[in-house]
Each structure stands twice: as C-alpha cells, then as structure tokens.
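The structure appears below as structure tokens.
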C-alpha cells in the first residue's frame, strides 16, 4: 500500500487499517486496494506495434490524416492517449436512446465484413433482443461479429436466452474478466466501462449508453434517461478499433484477426482524438485529460457527469478556472443512483460555488451523459465520469473532437439541458437540515469507492 498508493490519504488509510485490523485489512487490500492492472499494458504495447506495422505496410492513408499537435494541450493529450489525432472525420451527436439505437441499428444493418461490439452492460430485455437479432442476422450473413462485455456490469447476461442465441448464430461472445492472470486473480475492483461499436472499419460509436431498456425508455425510479452518444466516420475509427482489439487480446489471449482497412471515404472537417484510459497505466489518464482541458480553458468549461466526485487536483483546477474568469458550469443529476453518491455530489460542488462555479441539477429525469465542452471548438463525449473509479479503476474511452460546428451542436444540446436544471446556490445548502453537513462529510469518506 505504501509503495503503490497514489494519494497520501490512501496510504495512511490502508496503513492505519492494517495496524488496527490486520486480519480484515489484508484480504480487503487484495480485492480493493491495488490500482494497477498487471499484464494489460504489455499486451497493449504488443498490439500497438502490430498496428503500426500494418499502417506502414498499407498506402499511408492514416499517416496522411495525422495531425501534428501544435499546442501544449494536444501534445499532452496525444502523449497520454498514445495515438495522434486525425483530420478528415465526420462526427454526429446522438442525443438520448432513440437517436442512438436507431443510428446503431442502421449501422449494424450496413455491416458487410465485421462488427466489433463492446458494452459494459448488456441485458436480455426488449432492447437487448432487438440489437441481438441484428447481430445474429449479420453473423448468419457471413459477417464476423465480435461481442465483448464486462463480466461485472453484465453479470445477468451469461446463460440468458439472448446469450445462447448469439452463440448459436455464430457471434463470438467473450467476457472481459478483470481477474485474469495470477497477479490479478483477486482484483474485483476493476471494470471495463467502455462502450464501443465499429462497423467494417468505416464507422464507429462511442458514448454513455448501454444495452438495456432503461437507456431507451427510462428507469422506473430515476425517470427519463438523458444520455449522449456520438457516431463518427474517418481515420479516427482506427483508434476505436485499436482500443477494442486491445481489450479483445486481454480477454481471449488472441490478436484480433480482421481485415484491417485503413482507407476512408469521409470528407469531414473534424479533428478527432480517440482517448482510451485504463488502470494499467502509471498515469491517471482520464483525470489528467479532464485536468488539462480545464487548465487550458480560456472562455468556458462545461461539464456534465452523473458521478461528480473529483480529486483535489480537479477541484483546484476548476476553482482556478473560475477565478480567472472562465465560465465554469457543472451539471449533475437531481436524482442520484444512491444516497451516498447524492451526498458526495453535494459535498464536492459546495467547494466550487464560492469562487463562481455554476452548479446545475438536472430535473428532467436521470442525467447519465459524460460530456465536456471547452471554449468554442473542443468537445468530448465518452464513458468517463468525474470520479475516482473513472480516473483510477475503470477502462474508459472518450471521443475528443476539435470542430467549431460539432462544439456548437454540443453547446446547443447542453443549453437545452440547462433549461431543465435548477441552479444550486449556497443558500440551498444553508436551508438544509442540521444533519446534512455531517452526511456530506461521511459521504466523502466513501468517495474512493463510488
């Protein structure tokens, strides 16, 4: 714990616990304490080397679209992502479940060679069966369909009728198991939270929606499900393929053998960086990505996340941005998925309001999107929340787009969301009952586990 803890608080907490309750602490640390995912980084490097060799062996299409980072912001983001941004992409913003799943269904029907399909949650319900039928139909037609799901998030999926149907029709169904390998055997705290779909290397989808009825029709307790996805075409699709292929390599111990086609018919004007992040790295890539966007903002930084439990560095960056006159807005749901999360959201946003950060609580259902808008040309849509789990424990992926037109679409979407929010003030906290500050403080103790 002393050697591998990434924060002094974590090292102190584990040390005190070990001294006080050694018999309880040792097994808990083996399950929850480590923040490295051994073996994955080496496999990613192996796949990247093979991918680079493939690119060199083709017509140089990807290389012709690579954008050399010309600002400190993009230089650091590219170094963290371990891949360059590319130009010549088109990106379409997909708002909520109906747009997203209609777009995804149409894309699956266009598949001719292969489909790469990865989600954190896949359910055997009406939506799952609708999408599953499309996958089975393509597999019967001779299209290779590779389906990857997180073993924890989709714990109800194995053995279902949908699961069996997919296997029977030739879909390659594989769980992402974070307990693989001798050193990872007890690691139950990691999750593969990515949602990635690629069709024929031509088009891809990344965003916050999973495969389940609540993502289309809403949740009985939380209400209407407000979420965001993005569809894109162009050379950036290869970045999504590479992220999927690395996870596939970990899950199957096999290189994804598909007909990698780096040609592109897209004539878009978006510069795109596919930004995967994972606990295998020495760096907290998702947290550093958000921190760099906040620190680089000159006009505005708007953030939407259902989990807002940031670390001290993010809090400080947001405070400094507001103090230098940046329009800083944070949107979180009014209804949270749990009481502890709700208290933690209150606690962390309380620190931001005194310096001018505007905090909005979404009233129109459950806000699950993970979206960031920086200034007038940079926007991100993906799977990473503003919390410890996304920063340190989850496999995440974000689509970062440099385009004034796409940023304008994101701005209009978020403006419409703000219309369904109430802005929180310090007076709201003053009006809370006397126990509320104690509940917020207690929730912060559990923040690393949320």
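Numbering (the working numbering), first residue to last: 112 to 561.
The C-beta atom is built at its ideal place from N, Cα and C for all residues, glycine as well.
These numbers come from a predicted model, not from an experiment.
- One alpha carbon belongs to residue 261, the other to residue 532, and they sit about 32 Å apart.
- The DSSP-derived three-state label of residue 403 is helix.
- The beta strand (DSSP E) runs lying completely inside the segment 430-473 and spanning 3 residues or more are 438-444, 469-473, given in chain order.
- Scanning 309, 510, 271 for the CA closest to the CA of residue 221 turns up 309.
- Burial state of residue 217 is exposed, judged by a 10 Å Cβ sphere holding fewer than 16 other Cβ atoms.
- Proximity to residue 527 across 418, 473, 392, 274 peaks at 473, based on C-alpha coordinates.
- Residue 439 is positioned such that its CB atom lies no closer than 9 Å to that of residue 404.
- Counting C-beta pairs closer than 8 Å gives three or more between the segment 492-508 and the segment 401-418, which meets the contact rule.
- Restricting attention to 265, 420, 434, the CA atom closest to the CA of residue 456 is found in 420.
- In the DSSP assignment, residue 212 falls within the unbroken alpha helix (DSSP H) covering 207-221.
- Partner residues in the beta bridge of residue 388, as assigned by DSSP, are 507.
- Annotation note: the segment 521-545 contains the following uninterrupted beta strand (DSSP E) runs of length 3 or greater, listed N- to C-terminal: 532-535.
- Residue pairing from DSSP places residue 415 in a beta bridge opposite 442, 482.
- Our two residues, residue 484 and residue 517, have alpha carbons roughly 10 Å apart in a direct line.
- The beta carbons of residue 287 and residue 506 sit closer together than 9 Å.
- Taking 9 Å as the cut-off, the beta carbon of residue 243 is found closer than this to the beta carbon of residue 273.
- Only buried fits residue 323, as 16 or more other CB atoms lie within 10 angstroms of its CB.
- According to the DSSP assignment, residue 357 belongs to the alpha helix (DSSP H) that extends over 348-363.
- As computed with DSSP, residue 229 is found in a beta bridge with 259, 307.
- Assigned with DSSP and collapsed to three states, residue 324 falls in coil, not helix or strand.
- Here residue 332 is exposed: its Cβ has fewer than 16 other Cβ atoms, across all protein chains shown, within 10 Å.
- Annotated three-state conformation of residue 196 is coil, per DSSP.
- Between residue 423 and residue 470, the alpha-carbon positions lie close to 18 Å from each other.
- Rounded to whole angstroms, the gap between the alpha carbons of residue 514 and residue 489 is 6 Å.
- DSSP places residue 185 within a helical segment (H, G or I) once states are collapsed to three.
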